[in-house]
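Visitor: Residue numbers (our numbering), protein chains in the order written: chain A, 37 to 266; chain B, 60 to 294.
The beta carbon of each residue, even a glycine, is placed where N, CA and C say it ideally should be.
Take this structure, written in structure tokens, and hold onto it; I'll ask about it next.
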Amino acid sequence: MLMRLDWDTVVYFFPKLLVKLPVTISIVLVATVFGLLLGFVLALAQLERVFVLRQVSKIAVSFLRGTPIIVQMFLIFFGLPLLLKAIGLDIDDLDKIWFIYLTYSINAAAFFSEILRSSIGAVPRAQWDAAEGSGLTRAQTYRRIVLPQSVAVALPATGMTITSLLQDTSLAFMLGIVDVVGQVKALGSITGRLLEGYIVAAFFFVLLSVLLERIFHKAEKKVTFRKKAT
Amino acid sequence: MTFDLSFLGTALLAAANKIPTTLALALIPLVLGTVIGLPLALVRFYRVPVLGQGIQGAVTLIKGIPVVLMLFVFYVISGKAFDPFMQFLGLPFTFRDFPKSIIAIAALTIYASAALSEAFRGALAAVNPSQFDTGAAAGLTQAQTLGRIVLPQALPVSLPMVSNITTALIKAAAMASLVSVVDVMNAAVISANGNYRYLEAYAAAALIYWGLCFSLEKAFSVGEKVLTRRMRSVA
């Protein structure tokens, strides 16, 4: 059999994958929001040298950065129900997308915590002293003085982390999630054509990556401009 | 069903046997990616017209495509093309005989080339431009300046990025199990196929990947210190 790309199939796949784009985007959005929140907590535990939590945070970050996300996904998928059953909670009927949201949020948190830690560390010591001298509490110092300054430093790496988060969502189909890639698999078994589906899926991923890059490039410009103006 | 520690041991042993496979899946692309990525970085660094823009476009494209998709595309293409090609050559091989690890190495090499070219370009840009003029003033050719002055300074700068790319490759190599390569992850999962103790199997795989990434990161940070110190002592 001679192999050739069937362009009619490419056209057939296009709208069918387009409607699954929200699933992919929702994983990225959920993981970004909760990853940033949890990542900030993990970073704080290390920055503020909180007893025991600091070590826990360090080990968790090292583990999450040092193991493949597919492995983390299955650890949560098989481990969490077992853990919750021990305290009498049954989650057998829970939609699998929640396992995905959890895995990607925790995974992203590890990468965000490293970014936040180093960008907060990049704020000069004198800023802390000045804030303390002005009578600001520690929490106020973080919110009004330190975090606004660290945003500019953290932005490029944050953009890169979100982009690789987007790439990682392509593994969610392993739990049977029908995102863009899951849809290719499902339609592939009906039509017998996978290659065209993968190509259309790749197109959507490239499009979203470029879009993300543009957004962060613009944001960076805005932030550095504001810094110069003050 | 509880966590079975003794089976964790069994799975660890089964998975540890395949550490060489996972290392090969990650390190061969790392070496090939360096060989391919460095010239690409130089072309972009010197802003070679047309070629530079072409490479930039290709890098953006490759970095936008998830590695799994690249892997699947190669798998489908080689699956369809291998048998007719072998028939054409008159050889008695079928796709079943084709080592699938080649597919994974090819996909990871493409990914590594793009990522490493970015790392090297960044490191080259970090070298003080006056070094080029100094080299020229000392009567060195452009190639000599690059080889003896610029690259030795750029190398230590690129190491943290190369370290990140290496651990990313180790983790990405786990996807090779999706095209039925028996690596650390697949060996762990296969060991659980009889008793369905997949949690222990994945925990075993996680421990091995963690150990691998941790040791590689440490090795790179030692290497970076040694190289930076040597650069200082020369200067």
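1. Using the C-alpha atoms, what's the distance from Leu100/A back to Ile156/A?
2. Counting only the same chain and skipping the five closest in sequence on each side, list residues whose C-beta sits under 6 Å from that of Glu259/B.
3. Using CA coordinates, which residue listed in Val127/B, Gln146/B and Phe147/B is at the minimum distance from Ala231/B?
4. For Val243/B, is the beta carbon positioned less than 8 Å from some heavy atom of the ligand GTP?
5. Taking DSSP as the reference, what is the three-state secondary structure of Met37/A?
6. Just the C-alpha distance for Arg211/A and Leu89/A, rounded to the nearest angstrom, thanks.
7. Taking C-beta pairs closer than 7 Å, name the residues in chain B that Val242/A reaches, listed in chain order.
8. Could you tell me whether any Cβ in chain B is nearer than 9 Å to the Cβ of Thr260/A?
9. Label Arg229/A either buried or exposed according to how many other C-beta atoms from any shown protein chain fall within 10 Å of its C-beta, with 16 as the threshold for buried.
10. For chain B, check one thing: does any of its Cβ atoms lie closer than 9 Å to the Cβ of Tyr48/A?
11. Cβ closer than 8 Å: which chain B residues qualify as neighbours of Phe114/A?
12. Roughly how many angstroms lie between the CA atoms of Ile198/A and Phe50/A, to the nearest whole one?
13. Quick check on DSSP: helix, strand or coil for Val159/A?
14. Taking the beta carbon of Pro88/B as the centre, do at least 16 other beta carbons fall within 10 Å, making it buried, or is it exposed?
15. Evaluate Ser274/B with the Cβ neighbour count: other Cβ atoms within 10 Å of its Cβ, from every protein chain shown; 16 or more gives buried, anything less gives exposed.
16. What did DSSP end up calling Tyr255/B once you bin it into helix, strand or coil?
17. Among Phe154/B, Gly116/B and Asp156/B, which one has its Cα closest to the Cα of Ser176/B?
18. Just the C-alpha distance for Phe135/A and Asp129/A, rounded to the nearest angstrom, thanks.
19. Find the nearest neighbour of Ala235/B within the set Ala227/B, Ser160/B, Phe152/B and Gly194/B, judged by alpha-carbon distance.
20. In the structure shown, what three-state DSSP assignment does Glu84/A receive?
21. What are the start and end residues of the alpha helix (DSSP H) that includes Phe157/B?
22. Using beta-carbon positions only, say whether Ile133/A and Ile213/A come within less than 9 Å of one another.
23. Taking the alpha-carbon of Pro117/A as reference, which of Asp131/A, Lys56/A and Gly102/A has the nearest alpha-carbon?
24. Indicate whether the contact test is met: 3 or more Cβ pairs, each with one atom in the region 77 to 96 of chain A and one in the region 141 to 159 of chain A, closer than 8 Å.
25. Would you check if there are 3 or more beta carbon pairs closer than 8 Å linking the region 120 to 134 of chain B to the region 152 to 167 of chain B?
26. Tell me which residues share the same chain as Arg289/B and place their Cβ nearer than 8 Å to its Cβ, disregarding the 5 neighbours each side in the sequence.
27. Counting only the same chain and skipping the five closest in sequence on each side, list residues whose C-beta sits under 7 Å from that of Glu232/A.
28. I need the DSSP call for Tyr105/B, collapsed to helix, strand or coil.
29. Quick one: which residues of the region 216 to 239 of chain B get their C-beta closer than 9 Å to a C-beta of chain A? List them in chain order.
30. Please tell me whether Ile78/B and Ile267/B are closer than 9 Å, where the distance is taken between their beta carbons.
31. What alpha helix (DSSP H) runs, 4 residues minimum, are completely inside the region 168 to 210 of chain A?
32. Please list the residues of the region 192 to 210 of chain A that have a C-beta atom closer than 9 Å to any C-beta atom in chain B, keeping them in chain order.
33. When you compare the CB of Val186/B with every CB in chain A, is at least one pair closer than 9 Å?
Guide: With the structure as the only source:
1. When rounded, the distance between both Cα atoms is 21 Å.
2. Non-local C-beta neighbours of Glu259/B in its own chain, meaning closer than 6 Å and more than five positions away in sequence, comprise Asp63, Phe66, Leu67 and Ala70, ordered along the chain.
3. Ranking Val127/B, Gln146/B and Phe147/B by Cα distance to Ala231/B puts Val127/B first.
4. You won't find the ligand GTP in this model; it holds no ligand whatsoever.
5. Annotation note: pLDDT 44 at Met37/A (below 50); position unreliable, coordinate value reported separately. DSSP places Met37/A in the coil class of the three-state scheme, outside both helix and strand.
6. As written in the sequence, residue 211/A is Leu, which differs from the Arg given in the question. In a straight line, the C-alpha of Leu211/A is about 31 Å away from that of Leu89/A.
7. Residues of chain B with a Cβ closer than 7 Å to the Cβ of Val242/A are, in chain order, Leu120, Gly123 and Ile124.
8. Closer than 9 Å: no.
9. Residue burial is scored here from C-beta neighbours: Arg229/A has at least 16 other C-beta atoms within 10 angstroms and is therefore classed as buried.
10. With 9 Å as the cut-off, Tyr48/A does not count as an interface residue toward chain B.
11. Ordered by position in chain B, the residues that pass the 8 Å Cβ test against Phe114/A are Tyr257, Leu258 and Tyr261.
12. In a straight line, the C-alpha of Ile198/A is about 24 Å away from that of Phe50/A.
13. Secondary structure of Val159/A (DSSP, three-state): coil.
14. Around the beta-carbon of Pro88/B, 16 or more other beta-carbon atoms lie within 10 Å, marking it buried.
15. Result: exposed.
16. For Tyr255/B, the secondary structure class from DSSP, reduced to helix, strand or coil, is coil.
17. The shortest C-alpha to C-alpha distance from Ser176/B to any of Phe154/B, Gly116/B and Asp156/B is the one to Gly116/B.
18. The alpha-carbon atoms of Phe135/A and Asp129/A are separated by roughly 12 Å.
19. By alpha-carbon distance to Ala235/B, the top candidate from Ala227/B, Ser160/B, Phe152/B and Gly194/B is Ser160/B.
20. Of the three classes helix, strand and coil, the one that applies to Glu84/A here is coil, per DSSP.
21. First-last for Phe157/B: undefined, no H or E at that position.
22. Yes, Cβ-Cβ distance for Ile133/A and Ile213/A is below 9 Å.
23. Nearest Cα to Pro117/A within the set Asp131/A, Lys56/A and Gly102/A: Asp131/A.
24. The region 77 to 96 of chain A vs the region 141 to 159 of chain A: in contact.
25. Touching, yes.
26. Once the five neighbours on either side are set aside, Arg289/B has no close Cβ partner at all.
27. These residues qualify, in order along the chain: Leu41, Asp42, Thr45, Val46 and Phe49.
28. Correct three-state label for Tyr105/B: coil.
29. From the region 216 to 239 of chain B, only Thr226, Ala227, Ile229, Lys230, Ala231, Ala232, Ala233, Met234, Ser236 and Leu237 have a Cβ closer than 9 Å to chain A.
30. It is a contact, given that the beta carbons lie within the stated cut-off.
31. Segments of the alpha helix (DSSP H) lying fully in the region 168 to 210 of chain A: 183 to 204.
32. The residues in question are Thr199, Ser200, Leu202, Gln203, Asp204, Thr205, Ser206, Leu207, Phe209 and Met210.
33. Taking Cβ atoms only, chain A never reaches closer than 9 Å to Val186/B, which makes this a no.
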